[in-house]
Amino acid sequence: MTSTLEFERLQNALAAAGLTALQLTPGTPGVASPTRLACEWAGFQVHSDQGAFYAKVLYDDMRPVIDFAQSVEATRCAAAAGVTPAVRLADADQGVMLLERLAPEDWHWARLDRLQPELNLGALWQLKRAVQEGPAPAFERSPWADLEKLRTLCRQQEVALPADHAWIDDCVDQAWHALRQYPCEARPLHGDGLAGNVMVNAAGEFQLLDFDRGGCFDPWYDVAVTLNELYPFEPQWRAGIARWSATASDADYARCRLYGLLDDWYWTLWGLWAGVASTRPLEFSKVGQWTLLRCRMTIQESRFESWLRQVRG
Numbered sequence: 001m002t003s004t005l006e007f008e009r010l011q012n013a014l015a016a017a018g019l020t021a022l023q024l025t026p027g028t029p030g031v032a033s034p035t036r037l038a039c040e041w042a043g044f045q046v047h048s049d050q051g052a053f054y055a056k057v058l059y060d061d062m063r064p065v066i067d068f069a070q071s072v073e074a075t076r077c078a079a080a081a082g083v084t085p086a087v088r089l090a091d092a093d094q095g096v097m098l099l100e101r102l103a104p105e106d107w108h109w110a111r112l113d114r115l116q117p118e119l120n121l122g123a124l125w126q127l128k129r130a131v132q133e134g135p136a137p138a139f140e141r142s143p144w145a146d147l148e149k150l151r152t153l154c155r156q157q158e159v160a161l162p163a164d165h166a167w168i169d170d171c172v173d174q175a176w177h178a179l180r181q182y183p184c185e186a187r188p189l190h191g192d193g194l195a196g197n198v199m200v201n202a203a204g205e206f207q208l209l210d211f212d213r214g215g216c217f218d219p220w221y222d223v224a225v226t227l228n229e230l231y232p233f234e235p236q237w238r239a240g241i242a243r244w245s246a247t248a249s250d251a252d253y254a255r256c257r258l259y260g261l262l263d264d265w266y267w268t269l270w271g272l273w274a275g276v277a278s279t280r281p282l283e284f285s286k287v288g289q290w291t292l293l294r295c296r297m298t299i300q301e302s303r304f305e306s307w308l309r310q311v312r313g
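1 is the number of the first residue of the sequence shown in full-length UniProt numbering; add one for each residue after it.
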C-alpha cells in the first residue's frame with residue numbers, strides 16, 4: 001500500500017498505544033459528489049494482536065472545521081447509548097480515532113432508498129432518540145456558531161461566494177433569530193442527516209456513524225437535517241414529523257424547514273471553502289452547488305415568511 005500522511009499518523013498512534021502485528025487496509029476512498037462520503041476522515045481497516053478495528057484519521061485540511069476532542073466525546077456518548085461502535089483509542093496529536101469494527105462483510109453504508117420507507121425511518125428515529133436520551137456530551141452544538149466559523153474561513157481564504165450570498169445570509173439570519181425566540185430543551189444529537197452516516201446489515205439493523213456535529217442542541221435539529229436529506233416533498237416531511245412526534249403541526253414543520261435551511265447553507269459554505277482550502281482531488285464545490293440550490297428553493301418558497309412566524313407555535 002502506498003504510504004500517505006494519514007497512514008503514517010495512524011501507524012504512529014497505534015505503535016504508541018502498543019498495538020503490534022499490524023495489517024492496515026485503506027477503507028472507502030473519499031467522495032464529495034453526488035454525496036459526501038469519507039471526506040473529512042481517511043478510513044482504515046486495522047488488524048492487530050489486540051483484534052480487528054476501524055480507524056479514522058482526520059485530514060489536516062479538515063481540522064479548521066472539526067473539533068477532534070468534541071467528536072470523540074460525542075462518539076463515546078453515542079456508543080454508551082448503543083447506537084455506534086465504541087471508541088478504543090483517541091490520539092489527538094495524530095488525529096486518530098480507533099473504533100470497534102463493523103465487519104465490512106456484514107455492514108454497508110445505507111442509501112436513500114433504504115432509509116426512505118416508513119418502517120426504516122421509524123428504526124432510524126429510534127436510534128436518534130437513543131442518542132438524545134443517552135449520556136450527554138459536556139458541550140453544546142450551535143449551528144449558528146458553525147456557520148460563523150465557515151463565514152470567517154471563507155473570508156480568510158477569499159472564497160468566491162454566490163452573487164446572492166448576502167441575501168441568503170440575511171434570510172438565514174432571520175431563520176436563526178426566529179428559531180432562538182422559541183428554543184427547545186437541549187439534548188444530545190447526532191447532528192447529521194446524511195444516509196452515508198448510517199450503516200445497515202443484512203438483518204436490517206442500523207448503526208449511526210460520524211458525530212463530528214454532535215453535542216447538545218434542539219432535538220428537532222436532528223429531525224430536520226434527516227428529513228432534508230431523505231425527502232424532497234412536503235407530505236413526506238410531514239409524515240416523517242408525525243412518526244417522530246405523533247403530530248405534524250405547522251409549527252413543527254416550520255421549525256424543520258428553517259433548520260434545514262441552516263444546514264443547507266452550512267454545507268454550501270463548507271463545499272465552497274473546502275474546494276479552495278483542500279488540495280485533495282475531490283469535487284467539494286459540487287456539494288455546495290447542490291445545497292445552494294436547496295437554499296434558494298427554501299427562501300423562494302412563498303411561505304418562507306410564514307414559517308418565521310409559525311415556528312413560535
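Using N, Cα and C, we set each Cβ at its ideal position, and we do this for glycine too. The structure presented is a predicted model; accordingly, all values stated were derived computationally and were not measured.
- Pairing V46 with Y221, the inter-Cα distance amounts to about 34 Å.
- Counting only the Cα atoms, T4 lies some 15 Å from Q23.
- Under the three-state reduction of DSSP, L5 is assigned to helix.
- One thing to note: L308 has its Cβ within 9 Å of the Cβ of L258.
- A residue is called buried once 16 or more other Cβ atoms fall within 10 Å of its Cβ, and H177, having fewer, is exposed.
- With a cutoff of 9 Å on beta-carbon distance, L189 and Q126 are scored as not near each other.
- With contact defined as three or more Cβ pairs closer than 8 Å, the stretch 196-204 and the stretch 167-184 are not in contact.
- A79 sits buried, since 16 or more C-beta atoms from the chains shown fall within 10 Å of its C-beta.
- For C216, the enclosing beta strand (DSSP E) stretches over residues G215 to F217.
- Under DSSP, R187 forms a beta bridge with F217.
- In the DSSP assignment, A90 falls within the beta strand (DSSP E) that extends over V87 to D91.
- Across the set G30, L119, W290 and E140, the C-alpha of E140 shows the shortest separation from the C-alpha of C216.
- Distance between W267 and R129, taken at the CA atoms: about 24 Å.
- In this chain, the alpha helix (DSSP H) harbouring V72 covers F68 to A80.
- Under the three-state reduction of DSSP, S306 is assigned to helix.
- Taking 9 Å as the cut-off, the Cβ atoms of W41 and M97 count as close.
- With contacts defined by Cβ atoms closer than 9 Å, V65 and D146 form a contacting pair.
- The C-alpha of Y253 lies about 53 Å from the C-alpha of A21.
- Judged by pairs of C-beta atoms under 8 Å, the stretch 158-165 does not touch the stretch 100-107, as fewer than three such pairs exist.
- The criterion of a C-beta distance shorter than 9 Å is satisfied by A224 and R255.
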